[in-house]
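Same order as they appear, the protein sequences are chains R and Y. Counting in the working numbering, the first sequence runs from 1 upward without gaps. Counting in the working numbering, the second sequence runs from 498 upward without gaps. We put the beta carbon where it would ideally sit given N, CA and C, even for glycine. These notes concern the structure reproduced below.
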Amino acid sequence: MVAEKNLLEMRGITKTFPGVKALNNVDLKIRHGEVHALIGENGAGKSTLMKVLLGIYTPDSGEISFKDKIVQHNSPNEALELGISMIHQELSLVPHRTVAENILIGREPRNAFGLMSWKELYRKASEFMKSIHVEFDPEEIVSNLTVSHQQMIEIARAISYESDIIIMDEPTSALTDNEVEKLFSIINDLKNKGVSVIFISHKLEEIFRIADRTTVLRDGQLIGVKDNKDFDKNRLVGMMVGRELNQIFPKEEVPIGDVVLEAKNLTRKGVFKNISFKVREGEILGFSGLMGAGRTEVMRALFGIDKLDSGEVFYKGKKVTIDSPQTAIKMGWGMVTEDRKEEGLCLVRSVRENISMATMDEYCSYEFINNKQEKDHTKQMIEMLKIKTPNQTVMANSLSGGNQQKVVIAKWLSTAPKLIILDEPTRGIDVGAKSEIHRLMTSFARKGLAVIMISSEMPEILGMSDRIMVMFGGELRGEFTREEATQEKIMECAIAE
Amino acid sequence: MKLQDVKWGKVLDKYKMLFILLLMIVLMSFASNVFLSGRNIMNIIRQISVNTVIAVGMTFVIITGGIDLSAGAILAVSGVVAAALVKSGAVSSIFLVAVIASLAGGVLGLLNGFSIAKLKVPPFISTLAMMQSARGIAYLLSNGRPIVDLPKSFLIIGQENFLGIPVMILLMILVVIIGYTVLQRTKFGRYVYYVGGNEEAARVSGINVSKLLITVYTIAGICAGFAGVILASRINSGQPQAGLTYELYAIAAVVIGGTSLNGGIGSMGGTLIGACIIGIIRNSMNLLNVSPFNQMVVLGIVILLAVILDMQSSKKTSNG
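This is the structure in structure tokens:
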């Protein structure tokens, strides 16, 4: 093939967010009528790059050329007008309206009075669905359909814009095998019509089946573009994770004691199944996996926030039933939740009140709060965790992300836990605060706490864990000791065959 | 220098409603020569008593991020219950009558709380339904007619003085002090702030959110009920149509007092100031011969302004 013309060229795209370089000088070139896979770990920059392409983010530098013209658009609507549409990973349908309305949203046929022509709407939608062999009753209400059928509607809508490029962000994650086949035949049809597809997926098998070329991103950098013909799974995984691990983690070897917690066959239907693991005193057990692997869900159920359908939990050798966070806390467990703003902090309340949230009983006699005791304890915590705050009474939302996270950790440390679960403990905080939190984790382990850490950052998982569990699609896919674990081994487990 | 400016701004922001209250008092003392008379001031405080007692309960509710539209109707139920009890002579102790009638309000509040916390019906709808039902209950209990000519002993609550101060004012002060203490000094009060600030975080931190919400709405019911007892004594009758739209005045007092409708922020002191502001506005307009129709329009605008002020300060805090 001689210097084929590119339909789309994103050149030198750089995008910085406070504290992180999400994209650093990334190129993406898409040819006419090709299926181009985009692959990388969590946080590699795939979503950011696609958001730049859709006009949701404006890049700090770099340019986009589409159909040989430099384009500057500022919203998904403008992108749509140019000829770029996207199938989102999360459904973006209007649930209580019909299939036809959802497919033709914004382009509803009108009658002579300017009112919606329902007959025409149903006819058009049904005709269109027939043309791509996705046949649903156009008058059916979307929320009555199964999730996978809804996903097919989503796909149909994206195609109905007759765009030149369709971005598909993990389109198969909600589909059944049959529907995946259907999607692939749709993609082949599109290809034959000269439409290009950007295909984002964690499933390597799909990528090798459907994609012509693959672009690999890692830590916001372009790692390489390869023809899928001269590519294999091992090389791909190597490119995804092949960073040099030179970051030093403050991990100390501490004696590992008895089993504190043992989970057997934890199952929550449709979310995760047969999850079994043990964690010991002084041990940091890492949970690795890609976004949506079910790690957070397992921990939420373990902590009594969500319900377990089946499975047994043993704490210090005794079988326990955790029906609410209260029970878990009484037992001596703590949980630093994934999203500190949603589930961790009362942003409009003071630092002190936030730190006391799980331990009010300790400062109260006969229901009345002992202010001095509470203040003293808060002071101790602020000093111990080096929380940067002007005083104890400022609102939590005035602190930086790292210090907010320390406030959440202080809250749980106050309960003097024997087991602490940390879900993405360093997400979205700066490097300095990160390494302080890592140091704290080590000190927890030294004190004999059992620590469970969920992290999507490979260096953190490898640097801090004594043992690593890897999950994919709601199941445990592998277990590695600190010595065995490598980036490649973990990534191979974390993505589908 | 700049630092001091900032501090001033903060003080002004924190106590802005108190400043507005003082400003209104100063302006009115010029506009009317009877405004500052002892009689008029006592009059104002007496007028705000019923609203303040309801508003104390409403403060708890709004800090949790909820709302109680049934307060006025619950007030009517308790007023009728109290009147019926004293009239029939079934219960001779006035204290016991007040307790039973207030608890009747508490039971209705508990039902609100149950429907909100356990059945997950949004507070607006739950209490709207209760507003309708409770009003019906008030009519049923009284056969649709006011229960009038209550025994003298019952009128102590709303019409007599104690040490020169009307008993109803003393009762209001007592309720505010209890409300303040519970909200600021007890674990329960702290939990109210936590649940309003972030319900999910509170749940994960081991707080029994449903139990707390049920308690909060029960308290609101008791406060509305107690206000009903005071009002029945004040007007010497238990009227099934009493307290129409009183919930709105209570909500207004709470919001003007700086409690955020988003939950998590608020204080009892603020609510007292809010009730005073409403009381003074109404009293001033009476003194200045503003027609009741105009008064309604003005109060509506004041409530809107208070919410706008609240939104602006919450925008400031979330930016900072």
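Can you name the residues of chain Y whose CB is closer than 7 Å to the CB of residue i?
i: A358(R); result: S702 and G703
i: I275(R); result: Under the 7 Å cutoff, chain Y gives no residues; its nearest Cβ is about 20 Å from I275(R).
i: E342(R); result: E697
Just the C-alpha distance for residue i and residue j, rounded to the nearest angstrom, thanks.
i: V713(Y); j: N705(Y); result: 12 Å
i: G292(R); j: H88(R); result: 15 Å
i: M782(Y); j: A595(Y); result: 33 Å
i: S400(R); j: K341(R); result: 12 Å
i: L462(R); j: G194(R); result: 44 Å
i: K191(R); j: S185(R); result: 10 Å
i: V197(R); j: N188(R); result: 10 Å
i: G344(R); j: G238(R); result: 36 Å
i: W118(R); j: R477(R); result: 50 Å
i: G740(Y); j: V547(Y); result: 9 Å
i: D212(R); j: T486(R); result: 29 Å
i: G722(Y); j: L652(Y); result: 17 Å
i: K318(R); j: L710(Y); result: 34 Å
i: E367(R); j: T378(R); result: 19 Å
i: S815(Y); j: D565(Y); result: Low local confidence applies: a pLDDT of 45 at S815(Y) is under 50, so the model's placement there is unreliable, with the coordinate-based value given in what follows. Looking at the two C-alpha atoms, the distance is approximately 27 Å.
i: T296(R); j: V407(R); result: 20 Å
i: L419(R); j: D466(R); result: 15 Å
Using DSSP's beta-bridge definition, name the partner residues of residue i.
i: S61(R); result: T14(R)
i: R157(R); result: According to DSSP, R157(R) bridges with nothing at all.
i: W333(R); result: L419(R)
i: F197(R); result: The question names Phe, yet the displayed sequence has Val at residue 197(R). According to DSSP, V197(R) bridges with V35(R) and I166(R).
i: K226(R); result: T214(R)
i: N6(R); result: R31(R)
i: L608(Y); result: Per DSSP, none; premise fails for L608(Y).
i: K69(R); result: F66(R)
i: N364(R); result: Note that residue 364(R) corresponds to Cys in the displayed sequence, not to Asn. According to DSSP, C364(R) bridges with I369(R).
i: A496(R); result: K203(R)
i: F231(R); result: Paired residue(s): none; F231(R) is not in a bridge.
i: L285(R); result: I452(R) and R467(R)
i: R280(R); result: V259(R)
i: E479(R); result: M469(R)
Note down, in chain order, every chain Y residue with its Cβ under 9 Å from the Cβ of residue i.
i: L548(R); result: Any answer about residue 548(R) is impossible in this case: the structure gives chain R only from 1 up to 497.
Spell out whether any CB of chain Y is found under 8 Å from the CB atom of residue i.
i: R349(R); result: yes
i: F472(R); result: no
i: K15(R); result: no
i: I452(R); result: no
i: I305(R); result: yes
i: C364(R); result: yes
i: V2(R); result: Interpretation of V2(R) is limited by its pLDDT of 41, a score under 50 that renders its predicted location unreliable; the figure taken from the coordinates is listed afterwards. Answer no: the Cβ-Cβ gap between V2(R) and chain Y never drops below 8 Å.
Residues of chain R with CB closer than 8 Å to the CB of residue i, please, in chain order.
i: Y691(Y); result: C346, R349, E353 and M357
Whose Cβ in chain R lies nearer than 7 Å to the Cβ of residue i?
i: F685(Y); result: E367
Would you verify that the beta carbon of residue i is, or is not, closer than 8 Å to some beta carbon of chain B?
i: K372(R); result: The question asks about chain B, but that chain is absent: this structure's protein chains are R and Y.
Counting contacts by CB-CB distance shorter than 8 Å, is residue i in contact with chain R?
i: K499(Y); result: For K499(Y), the predicted model reports a pLDDT of 44, less than 50, meaning its position is unreliable; a value from the coordinates is still stated below. Taking Cβ atoms only, chain R never reaches closer than 8 Å to K499(Y), which makes this a no.
i: D510(Y); result: no
Worksheet item: What residues in the stretch 737–761 of chain Y have a beta carbon less than 9 Å from any beta carbon of chain R?
Response: Only S757, N759, G760 and G761 from the stretch 737–761 of chain Y bring a Cβ to less than 9 Å from some Cβ of chain R.
Fill in: Members of the stretch 545–579 of chain Y near chain R, C-beta cut-off 8 Å
Within the stretch 545–579 of chain Y, no residue qualifies.
Fill in: Chain-ordered residues of the stretch 593–625 of chain Y with a beta carbon less than 7 Å from chain R
Within the stretch 593–625 of chain Y, no residue has a Cβ that lies closer than 7 Å to any Cβ of chain R.
Discussion item. Residues of the stretch 672–683 of chain Y in Cβ contact with chain R at a cutoff of 7 Å, in chain order, please.
Written reply: Listed by position along the chain: R682 and T683.
Discussion item. Using a Cβ-Cβ cutoff of 7 Å, what residues of the stretch 317–339 of chain R are near chain Y? List them in chain order.
Written reply: Going along the stretch 317–339 of chain R in chain order, one finds P325, Q326, I329, M335 and T337 with a Cβ nearer than 7 Å to chain Y.
Practice prompt. Could you name the residues of the stretch 408–434 of chain R whose beta carbon sits closer than 8 Å to any beta carbon of chain Y, in the order they occur along the chain?
Written response: Result list: K411.
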